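Chemist:
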Amino acid sequence: MLSFIMLHYEVLPDEAVKINGVPVYTPEELEKVKGKAQWLISSPNMYTIPQPPIGIRHVRARANGKYGLDDRMQHPQVVCKGFEWIGCIPQPCRELQLLWWTPRLEDTKLVTGTWFQTDCRILKEEHVDALRGQATICFEIAFKALERLRSATLLSSMVAHTQQCLERLTYGLPYRDLLLTVGDIQRACLDIRGLSTYIMTFWPRTIPTSMEALKTYDVDGSLMGCFTHSREEAQFLHRIGIPVWWICPNFTVNEFDTRVWISARQPTTTIDHSVVEAEYVEAESGKTVFEDVYVGLPGTDMQRSTLCLGCRVFDVTEASAIAYRKLEQKYRVESSGSGSSIAPQPVYIYSLPDFLKPDPGPSAETIVAAHPSITTTPSTGSSNLPHVALSPSSDPTFSSSSSPSADIPVSRQPPMPAKTNKRPPEIPEWVRALTDIQPLLKPGQRQAPHYAGYQLPEIGIFYNATPENELVYIATWLATRQVHLYNLSNGVQLRTIKRQQWQHYLKAILKSLNPDGGPPGIASSLTLHDATPGHPSSSATLSLPTSSNPPIPSNAGPSKPNKKSKRKSKSGSDRPSK
């Protein structure tokens, strides 16, 4: 180690810092050494040691609108996996001094002519132009990094946030809010530089492609650097050349296997003179106005709570939990009583380059094989394939959020005619938007002709039907569509169903529900000579069960409708044959 210092802070059990939800040292381990252990700070690549953030942190804005020693733009912070880019934020320098500048009252103008007498101010134009110039440079840096790595969407969010803060400077704000807004712009610009530097320079070092790249790089002393409680993280950052300081209890250091320079022991820690720790106090009331945005130990939770996006403190802890549950349900495969799931990650870590995308999910065959509610019965058709029935009611765990996500293959249907009283009123905005959309076919794929059929009922069946038959069609489809869509979404492959088969199915189901005949007015729709068919794509003549679950068809050819039973009128409506 190049430098180390033994702090006079006692290691307490309630300071068991967690990394990715796992404590580095358990409270039980720290309880055993209570009153004996002390914190040791060391660095493998830096000769000085900044003051480490240890203990419970009360993060709030200070007199200059920054967060003091808990602000990553002013002082090194404790990081863990996924936040290494924070260590790449540049230190204060002459070229970027505007990004640490604090506006004074004389740098603002009082807004006059308002309805109420308030202290409403805007930043002077020369300062706004200077900040906009720095932001423009950062935008160009971000877009160059995005050209190299399109998946780094966190950069896009930072750019949008910076632009929003610049626009906010044109509003009238109290002086304290003006300080916070300028600080947000500066922090966002430095975040963009830090993340872009990590993507362009340091991340490629983590994936060496040659023997020359498999080395420990020289440290970049112009970067802010970071603290960590993880030995592995310190080793990782040391190898790629980011300044790092390791925080650990002194009992974890092996004194017989540690090489230390004679001058490595440091008498004290350092703090940048520009860091302001004083509170912001209103002149009129003499009270502090900035509240705590985070109270707790430094680490992942603190960085989540202080990541500012969209002109506000953006805490994505809850969003991360929701996203993780959805991904876990989507990509988990439960088969033979064993299950596996992906590891939980914060939402915005998904946009970092080293995040491993999960498997796209099980295939349709895997879903069918692992589904507990599948039953097989011999098919009555000419095919030897098993008859499979899937029902949402038979699966107690079925829900719209837990069902496997499979695309529902739906053929393109002809548009509804414009001249029909059944067409819903058009929305002008949608009409103008849809005129710019031109459907394109996949290369080498032919568009299915009209007679090839559909996997959902063709819309013309409904708007060309007589009023009596229309009621039957709609009632039948509403009663059976849930199971039909459920089967499609679970990967059950259905042949495309011809229009006549759909029409035959939607009308003939009523005989199964009421064998003695339907109510007055629709009896003519039941004058069919064959028995009630099953699902329209089924080849055999099956009796439809009283529940509204259409059976899954076999792969046999479609049944031919009885041409003598009815004919189609010129208007498109179906009428019984004479």
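Quick note on numbering: our numbering labels position 52 of the sequence shown as 109, and the sequence is numbered without any gaps. Built from N, CA and C at the ideal position, the CB exists for glycine as well. A quick note: this is a predicted structure, and the numbers were derived from the prediction, not measured.
Would you mind sorting M268 into buried or exposed? The rule is 16 or more other CB atoms within 10 Å of its CB.
Modeler: exposed
Chemist: Express the C-alpha separation of H115 and K181 in angstroms, rounding to a whole number.
Modeler: 33 Å
Chemist: The beta strand (DSSP E) spanning E67 covers which residue range?
Modeler: S60 to E67
Chemist: Provide the residue span of the alpha helix (DSSP H) that contains G170, from first to last.
Modeler: Careful: G170 lies outside any alpha helix (DSSP H) and carries neither H nor E.
Chemist: Just verifying my parser: in three-state terms, what is the DSSP assignment at S546?
Modeler: helix
Chemist: Using a Cβ-Cβ cut-off of 8 Å (strictly less than) and excluding sequence neighbours within five positions of H65, which residues of its own chain qualify?
Modeler: Q95
Chemist: Look at the Cβ atom of Y274, then the Cβ atom of I297, and state whether they are nearer than 9 Å.
Modeler: yes
Chemist: Report the residue ranges of all alpha helix (DSSP H) runs contained in full by the stretch 509 to 542; include only those spanning at least 4 residues, in chain order.
Modeler: 517 to 520
Chemist: Pick out whichever of Q108, I62, F61 and I113 has its Cα sitting closest to the Cα of L69.
Modeler: I113
Chemist: Could you tell me the distance, in whole angstroms, from the CA atom of L263 to the CA atom of K201?
Modeler: Residue 263 is actually Thr in this sequence, not Leu. One C-alpha to the other measures close to 20 Å.
Chemist: Let me check understanding here. Comparing Cα to Cα, which of L203, C283, V346 and Y543 lies closest to L513?
Modeler: Here the closest residue by C-alpha is Y543.
Chemist: Quick one: what's got a C-beta closer than 6 Å to F140's C-beta in the same chain, skipping five residues either side?
Modeler: Q360
Chemist: Which residues mark the beginning and the end of the alpha helix (DSSP H) in which G251 is found?
Modeler: Y232 to T254
Chemist: If I measure Cβ to Cβ from F61 and keep anything under 8 Å in the same chain, skipping five residues before and after, which residues do I get?
Modeler: L97, I98, S99, S100, I106, V317, A321, R322 and Q323
Chemist: Since I believe P110 is in contact with D127 (beta carbons under 8 Å), could you give me their beta-carbon distance rounded to a whole number of angstroms?
Modeler: 7 Å
Chemist: What's the gap between the Cα of Y124 and the Cα of R117?
Modeler: 6 Å
Chemist: Between the alpha carbons of E72 and S208, how many angstroms are there, rounded?
Modeler: 36 Å
Chemist: Comparing alpha-carbon positions, which option in L247, V310 and L162 lies nearest H218?
Modeler: L247
Chemist: What span of residues does the beta strand (DSSP E) with I484 cover, start to end?
Modeler: From DSSP, I484 is part of no beta strand (DSSP E); its letter is neither H nor E.
Chemist: Could you give the distance in angstroms between the alpha-carbon of T325 and the alpha-carbon of P160?
Modeler: Between T325 and P160, the C-alpha separation is close to 32 Å.
Chemist: Among Q557, W534, T363 and H561, whose alpha-carbon lies nearest the alpha-carbon of V135?
Modeler: Cα-wise, what sits closest to V135 is T363.
Chemist: Quick check on the burial criterion: 16 or more other C-beta atoms within 10 angstroms. Buried or exposed for K564?
Modeler: buried
Chemist: Using the C-alpha atoms, what's the distance from Q292 back to S331?
Modeler: 30 Å
Chemist: Please list, in chain order, all residues of the same chain as W157 whose beta carbon is under 8 Å from its beta carbon, the five residues on each side excluded.
Modeler: Result list for W157: M130, Q131, P149, Q243 and S331, in chain order.
Chemist: Give the straight-line distance between the Cα atoms of I179 and A187, rounded to the nearest whole angstrom.
Modeler: 15 Å
Chemist: Strictly by DSSP, which residues pair up with V338?
Modeler: T345, per the DSSP bridge assignment.
Chemist: Beta-carbon within less than 6 Å of V216's beta-carbon, same chain only, minus the 5 sequence neighbours each way: which residues are those?
Modeler: F196 and A199
Chemist: On the DSSP bridge list, what partners appear for N115?
Modeler: The question names Asn, but residue 115 is His in the sequence shown. Beta-bridge pairing links H115 to V352.
Chemist: State the start and end residues of the unbroken beta strand (DSSP E) segment that holds I198.
Modeler: No beta strand (DSSP E) holds I198; the alpha helix (DSSP H) holding it covers E182 to R205.
Chemist: Tell me which same chain residues have a C-beta within less than 8 Å of the C-beta of E334, skipping the five on either side of it?
Modeler: Listed in chain order, the non-local C-beta contacts of E334 below 8 Å within the same chain comprise R119, G125 and L126, local neighbours out to five positions each way being set aside.
Chemist: Give me whichever residues DSSP pairs with F656 in a beta bridge.
Modeler: Residue 656 is absent from the structure shown; the chain starts at 58 and stops at 635.
Chemist: Compute the Euclidean distance between the alpha carbons of E85 and F347, then round it to the nearest angstrom.
Modeler: CA-CA distance, E85 to F347, rounds to 36 Å.
Chemist: Hey, would you say G356 sits closer than 9 Å to G251, going by beta carbons?
Modeler: no
Chemist: Look up S99 in the DSSP assignment and give the residues it is bridged to.
Modeler: F61 and W303
Chemist: Do you know how far the Cα of L203 is from the Cα of C177?
Modeler: 38 Å
Chemist: Which residue wins for smallest C-alpha separation from P306, given the options Q558, M63 and R556?
Modeler: M63
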